[in-house]
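Everything below concerns the one structure shown next.
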Amino acid sequence: MHLFNEFQIINLIKSKFPSSNKNIVGIGDDAALIKISDTQMMAISKDLLVEDSHFRLSYFSPQAVAHKSLHSNLSDIAAMGIMPEYILLGMSIPPYISIEWIEEFINCLAILCKKHSIIVIGGDTVPSVDKLVISITVCGIGNTKNIKYINTAKPGDIICVAGRMGYAHLGLHALEKNIPGFETFKNAQLFPEAKLSEGIFLGNYYEVTAMTDLSDGLSIDLKNLCDASNVGAIVDINPSLTLDNNTQKISSILAISISDGVIHGGEDYGLLFTVKENLIEHLSQEFYQKFGYHFYRLGKITETPSIIYTPYN
């Protein structure tokens, strides 16, 4: 049997369900958008997390499953420059999941939703034969002029990332191999944090020309942004991304290239965005004053529709 990849399936769906409604922005961005007034749009996104594909119950606690399930969805809305407000929760539950496990999962999800002022407005539960599946649909309403899109990068824009890169990838391998220590990396995999405040902040700046979240890894997410915008990129994986002592140490123990983790590792849930070159210094200063850390500058958008990764020392 031939196996389709994710993007082949998405393209098949797009071809069968074309949208001609000018009030809807459909498949292709981090979230769908529906116009609800002249000044506001509703963003809607869904993610599925499947046991043994996105998490293993051998090292994911109920709290970790709840955290990752929610934040992977919130990240999509954050990438649009919108604050999430509502979720729908779906669960497909196999017989080996106890009621105590479900209670811990729900309790943690409730705490997280309260923290982010999110209301659970419905959902569904069904029995499963052999795998736990979590489905969350997230909705938020934002100001039309502050919404960021994946398809609006321009040649000359600077490519930037808010958040760490490669940590979740290294943490996953440490968990899989049961390596002791390195909790920062493991927690990046178990308890990722969507960049909600950063997404809202960047949405307020016209200097930010395009944005998406880093869920599938830089190599995939940057390609999606470039393809959507009909542009290319030159990327410099700067040593500042990779040369801290702990990253070097865990990379050596796991025998994993740090640059491979930065480029190809996913599930960090940072924000990948592009900025007008002549305005980036101003934005960088404002961002640092607000959040206490600098976003990374990774390269530049080009007219040539190809992506080149330059080596580093």
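With the numbering used here as the guide, the letters of the sequence shown map in order to residues 726 to 1038. Quick reminder that beta carbons are idealized off the backbone N, C-alpha and C, glycines included.
Using a 10 angstroms sphere on the CB of residue 809, the tally of other CB atoms reaches 16 or more, which defines it as buried.
With 16 or more neighbouring CB atoms inside 10 Å of its own CB, residue 940 falls in the buried class. Residue ranges of uninterrupted beta strand (DSSP E) with 3 or more members, entirely inside the stretch 846-934 and ordered along the chain, are 858-868, 883-887. Counting the other CB atoms within 10 Å of its CB gives residue 973 a total below 16, which places it among the exposed residues. At a cut-off of 4 residues, the continuous stretches assigned as alpha helix (DSSP H) that sit fully inside the stretch 970-1032 are 970-979, 983-989, 1005-1016. Inter-segment contact for the stretch 878-892 and the stretch 983-998 is present: three or more beta-carbon pairs are separated by less than 8 angstroms.
From the listed residues 754, 1023, 780, 977, the smallest Cα separation to residue 884 is found for 1023. Taking each of 803, 816, 746 in turn and checking the Cα distance to residue 773, the smallest one comes out for 816. Its chain contains 926 as the residues whose beta carbon lies nearer than 7 angstroms to that of residue 1015, once the 5 sequence neighbours on both sides are disregarded; these appear in chain order.
When beta bridges are read from the DSSP output, residue 958 appears opposite 1026, 1032. According to the DSSP secondary-structure assignment, residue 817 is paired through a beta bridge with 851, 858.
Residue environment analysis places residue 914 among the buried positions, since at least 16 neighbouring C-beta atoms fall within 10 angstroms of its C-beta.
In the assembly as shown, residue 900 is a buried residue. Its beta-carbon has 16 or more other beta-carbons within 10 Å. Secondary structure at residue 756: coil, using DSSP grouped into helix, strand and coil. Within the stretch 760-838, the runs of alpha helix (DSSP H) at least 4 residues long that lie entirely inside it are, in chain order, 787-803. With a beta-carbon spacing of about 7 angstroms, residue 938 and residue 803 fall inside the 8 angstroms limit used to define contacts. In the three-state reduction of the DSSP assignment, residue 843 falls in the coil class, being assigned neither a helical nor a strand state. Take residue 929, set aside five residues on each side of it, and the residues of its chain with a beta-carbon closer than 8 angstroms to its own are 806, 871, in chain order. Per the coordinates, the alpha-carbon of residue 786 lies some 28 angstroms from the alpha-carbon of residue 865. Between the alpha carbons of residue 812 and residue 779 lies a distance of about 20 angstroms.
Residue 1008 places its beta carbon 9 angstroms or farther from that of residue 918.
Per the C-alpha coordinates, the member of 736, 801, 789, 763 positioned closest to residue 868 is 763.
Across the set 908, 767, 971, 944, the C-alpha of 944 shows the shortest separation from the C-alpha of residue 958.
Annotated as proximal: residue 998 and residue 934, with beta-carbon spacing under 9 angstroms.
Looking from the CA of residue 962, the closest CA among 1028, 754, 985, 831 belongs to 985. Rounded to the nearest whole angstrom, the C-alpha separation of residue 822 and residue 782 is 10 angstroms.
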